[in-house]
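Protein chains in written order, with our numbering: chain A, 67 to 339; chain B, 67 to 339. Where is the CB? At the ideal position from N, CA and C, for every residue including glycine. Have a look at the structure below, then the notes.
There are 2 protein chains.
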Amino acid sequence: MSLTEQLLVRPGTRVDLRAIDARSSPGISEKDARQGLAPLVEEIARLQYRLWAEQRHAVLLVLEGTDTSGKDGTIRHVLSGVNPQGVLVTSFKVPTPIELRHDFLWRIHARTPGRGRIAVFNRSHYQDVFVVRVESLAPEAVWRARYRQINDFERLLTESGVALIKCFLHISREEQHERLSARLDDPEKQWKFSMGDLATRAKWDAYRAAFEDALSECSTEHAPWHVIPADRKWFRNYAVASLVLETLRSLDPHPPAADFDVTEARRALDTLR
Amino acid sequence: MSLTEQLLVRPGTRVDLRAIDARSSPGISEKDARQGLAPLVEEIARLQYRLWAEQRHAVLLVLEGTDTSGKDGTIRHVLSGVNPQGVLVTSFKVPTPIELRHDFLWRIHARTPGRGRIAVFNRSHYQDVFVVRVESLAPEAVWRARYRQINDFERLLTESGVALIKCFLHISREEQHERLSARLDDPEKQWKFSMGDLATRAKWDAYRAAFEDALSECSTEHAPWHVIPADRKWFRNYAVASLVLETLRSLDPHPPAADFDVTEARRALDTLR
Chain A
67 MSLTEQLLVR PGTRVDLRAI DARSSPGISE KDARQGLAPL VEEIARLQYR LWAEQRHAVL
127 LVLEGTDTSG KDGTIRHVLS GVNPQGVLVT SFKVPTPIEL RHDFLWRIHA RTPGRGRIAV
187 FNRSHYQDVF VVRVESLAPE AVWRARYRQI NDFERLLTES GVALIKCFLH ISREEQHERL
247 SARLDDPEKQ WKFSMGDLAT RAKWDAYRAA FEDALSECST EHAPWHVIPA DRKWFRNYAV
307 ASLVLETLRS LDPHPPAADF DVTEARRALD TLR
Chain B
67 MSLTEQLLVR PGTRVDLRAI DARSSPGISE KDARQGLAPL VEEIARLQYR LWAEQRHAVL
127 LVLEGTDTSG KDGTIRHVLS GVNPQGVLVT SFKVPTPIEL RHDFLWRIHA RTPGRGRIAV
187 FNRSHYQDVF VVRVESLAPE AVWRARYRQI NDFERLLTES GVALIKCFLH ISREEQHERL
247 SARLDDPEKQ WKFSMGDLAT RAKWDAYRAA FEDALSECST EHAPWHVIPA DRKWFRNYAV
307 ASLVLETLRS LDPHPPAADF DVTEARRALD TLR
């Protein structure tokens, strides 16, 4: 079984996050993961260039996970090295008053990738079944309908040439304590800390239940979820890079053939010495 | 005189592109430029992270130059390696019908960087005094007024915390022939060629005059132009990276201090073991 198959949430199954060891690193050693990342990133960059040239498919990487799970760090490690001209990163925050006047997928749809692009969602439409549920920002009938609405929306995207890669960065409660603590200790990192992180941490189990339901309900054949054990950053980076690369390889992008007469173009160019 | 001072268009002076050797590489050898690029990019990435943390200033890199002058390649070489979460690249194409219903700066303004970001314009509002002038897409009174409108707009940006870096990639007519020719020869590169490139090349002198006027009229104290000799890609990359790095250094970004009581936060965290 490949690494990415091991991380897959098989459609129709229930996710139990407590049964997945956040410190695990299935199938790869620390040394191999650290040394193996750069070649993966290089091949991602190479294939991204071809994806861009072909303008046929797009890739959408969705990163979810609780505070400190490493969403920012994953983007930095996996996608630095890729031409930023082809990459569009969106961090979804608390919706603005204007966004709230629309359906929850309105602002999301606007940031999906055009053909030839890689888009990254740092948090996503899944916040509307995570925080909205746990904080009771909408009635249950509203957020519960969203599982289907999300699946329909993601099907539209995949049917329109967008390959989705959905990664849930799974960290343990102990690891989160370590990371929040490290942020408080280092004046250079304090800006990353917010008191709101603690309010969220206090509801750990309620969030876990919300994560598990969404991962179970919205892991589909067209857009499956992957749970990435993320206590070890080196494993997290290697695993997400592997998923991105595997997806790009499966799209097998090729620069398009000339849409003009090459001999004619050559002649015309030579008259313009 | 520093490298970047040598490339500067001193405000109030006339640019004569024929007097600037596109094959030159003032002040640096090929070996030093090639070896020196990676450390520049690394420091750009480091300072970009602090710019992002501080959320106080923004950087806007404007890349102009004729077809094949290397705008895409510059972005790839100078900004791959920087976290794409902090970089927003926009390639301005022929305006859409909706864009044409607005003033020429409308679509441009929408893509300027928010605090903490680096934006890159691959072509820009200067197309509205280049192609619009040469192809007579607007009356002279309209495009001529744009020099002032551009200067006013760029002053607004700089007064609002955006540092502008404007680079004109200057290639020779011979070098363009080489590069177009190479695109025609290589099936992997043919997609980059368009017959329109030849129509533009046929008007080389008219474009040169338009470039010279804009570079002269719009090199201001707040947003000066730089002319980058760009026949040598290694010099072009090194020079643009130097300009970006110099700008980031001058902004001297620092992560902000905690906006909460650290002792209190530590106590609250420890109650949530």
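In its own chain, which residues sit with a C-beta less than 7 Å from the C-beta of residue 109 of chain A, not counting the 5 before and 5 after it?
Here residue 109 of chain A refers to the residue found at position 43 when the first sequence is read from its first residue. Excluding residues up to 5 positions away in sequence, 311 lie with their Cβ nearer than 7 Å to the Cβ of residue 109 of chain A in the same chain.
Please confirm if residue 198 of chain A has its CB atom under 8 Å from at least one CB of chain B.
On the first sequence, residue 198 of chain A is found 132 positions in, with the first residue counted as 1. So no, residue 198 of chain A is outside the interface.
State the DSSP-derived secondary structure class of residue 236 of chain A, mapped to helix, strand or coil.
Position 170 of the first sequence, counted from the first residue, corresponds to residue 236 of chain A. The answer is strand: DSSP assigns residue 236 of chain A an E or B state.
Host alpha helix (DSSP H) of residue 188 of chain A (start-end)
Against the first sequence, residue 188 of chain A aligns to sequence position 122. That residue, residue 188 of chain A, is in no alpha helix (DSSP H); its beta strand (DSSP E) goes 184 to 188.
Roughly how many whole angstroms lie between the Cα atoms of residue 253 of chain A and residue 265 of chain B?
By one-based count along the first sequence, residue 253 of chain A stands at place 187. By one-based count along the second sequence, residue 265 of chain B stands at place 199. Straight-line spacing of the CA atoms in residue 253 of chain A and residue 265 of chain B works out to 57 Å.
Measuring CA to CA, which of B:319, B:259, B:230 and B:158 is closest to residue 290 of chain B?
Along the second sequence, read from residue 1 onward, the residue named residue 290 of chain B stands at position 224. Taking each of B:319, B:259, B:230 and B:158 in turn and checking the Cα distance to residue 290 of chain B, the smallest one comes out for B:230.
Range of the contiguous alpha helix (DSSP H) that encloses residue 70 of chain A
Looking up residue 70 of chain A in the first sequence gives position 4. Its alpha helix (DSSP H) spans residues 69 to 73.
Under 8 Å between C-beta atoms, does residue 324 of chain A make it to chain B?
Residue numbering aside, residue 324 of chain A sits at position 258 when the first sequence is read from its first letter. Under the 8 Å criterion on CB atoms, residue 324 of chain A is classed as interfacial with respect to chain B.
Extent of the continuous alpha helix (DSSP H) to which residue 224 of chain B belongs:
Counting from 1 along the second sequence, the entry for residue 224 of chain B is found at position 158. Note, residue 224 of chain B: alpha helix (DSSP H), 206 to 225.
Which residues, in order along the stretch 233 to 266 of chain A, keep a beta-carbon less than 7 Å from a beta-carbon of chain B?
Those residues of the stretch 233 to 266 of chain A that come within reach of chain B (Cβ to Cβ, closer than 7 Å) are 243, 246, 247, 250, 254, 256, 257, 259, 261 and 264.
My assumption, with CB atoms under 8 Å, is that residue 116 of chain A sits in contact with residue 321 of chain A. Please give the rounded CB distance.
If you number the first sequence from 1, residue 116 of chain A lands on position 50. If you number the first sequence from 1, residue 321 of chain A lands on position 255. For a cut-off of 8 Å, the C-beta gap from residue 116 of chain A to residue 321 of chain A is around 6 Å, short enough to register as a contact.
Considering only DSSP beta bridges, list what residue 156 of chain B is partnered with.
Along the second sequence, read from residue 1 onward, the residue named residue 156 of chain B stands at position 90. Paired residue(s): B:187.
Element boundaries [beta strand (DSSP E), containing residue 195 of chain A]
Locating residue 195 of chain A in the first sequence gives position 129, counting from the first residue. Element bounds for residue 195 of chain A: not the beta strand (DSSP E) but the alpha helix (DSSP H), 193 to 200.
I think residue 303 of chain A touches residue 144 of chain A, with their Cβ atoms under 8 Å apart; what is that distance to the nearest whole Å?
The residue labelled residue 303 of chain A in the question sits at position 237 within the first sequence. The residue labelled residue 144 of chain A in the question sits at position 78 within the first sequence. Contact check for residue 303 of chain A and residue 144 of chain A: beta-carbon distance about 6 Å, within the 8 Å limit, so the pair qualifies.
Does the stretch 174 to 191 of chain B come close enough to the stretch 255 to 271 of chain B to have 3 or more Cβ pairs within less than 8 Å?
Taking 8 Å as the limit for Cβ pairs, the verdict is that the stretch 255 to 271 of chain B does not touch the stretch 174 to 191 of chain B.
Span of the alpha helix (DSSP H) holding residue 312 of chain A?
Position 246 of the first sequence, counted from the start, is the residue given in the question as residue 312 of chain A. Where residue 312 of chain A is concerned, the enclosing alpha helix (DSSP H) stretches over 299 to 317.
Could you name the residues of the stretch 110 to 134 of chain B whose beta carbon sits closer than 7 Å to any beta carbon of chain A, in the order they occur along the chain?
Answer set for the stretch 110 to 134 of chain B: 111 and 119.
Length of the line joining the Cα atoms of residue 246 of chain A and residue 140 of chain A:
Along the first sequence, one-based indexing puts residue 246 of chain A at 180. Along the first sequence, one-based indexing puts residue 140 of chain A at 74. About 17 Å.
For residue 135 of chain B, which option in B:283, B:244 and B:279 has the closest C-alpha, if you only look at C-alpha atoms?
Reading the second sequence from its first residue, position 69 is the one you call residue 135 of chain B. It is B:244 whose Cα lies nearest to the Cα of residue 135 of chain B.
For residue 272 of chain B, report the span of its alpha helix (DSSP H) as first-last.
Along the second sequence, one-based indexing puts residue 272 of chain B at 206. 270 to 283 is the span of the alpha helix (DSSP H), which, as asked, contains residue 272 of chain B.
The stretch 139 to 155 of chain A: positions lying closer than 7 Å to chain B by Cβ:
Taking 7 Å as the Cβ-Cβ cut-off against chain B, the residues of the stretch 139 to 155 of chain A that qualify are 141, 142, 145, 146, 147, 148, 149, 150, 151, 153 and 155.
Are the Cβ atoms of residue 179 of chain B and residue 113 of chain B separated by less than 8 Å?
As a first step, residue 179 of chain B must be located in the second sequence, where it is residue number 113. As a first step, residue 113 of chain B must be located in the second sequence, where it is residue number 47. Going by C-beta atoms, residue 179 of chain B is not nearer than 8 Å to residue 113 of chain B.
Would you please verify whether the beta carbon of residue 311 of chain B is less than 8 Å from any beta carbon of chain A?
Position 245 of the second sequence holds residue 311 of chain B. Not an interface residue.
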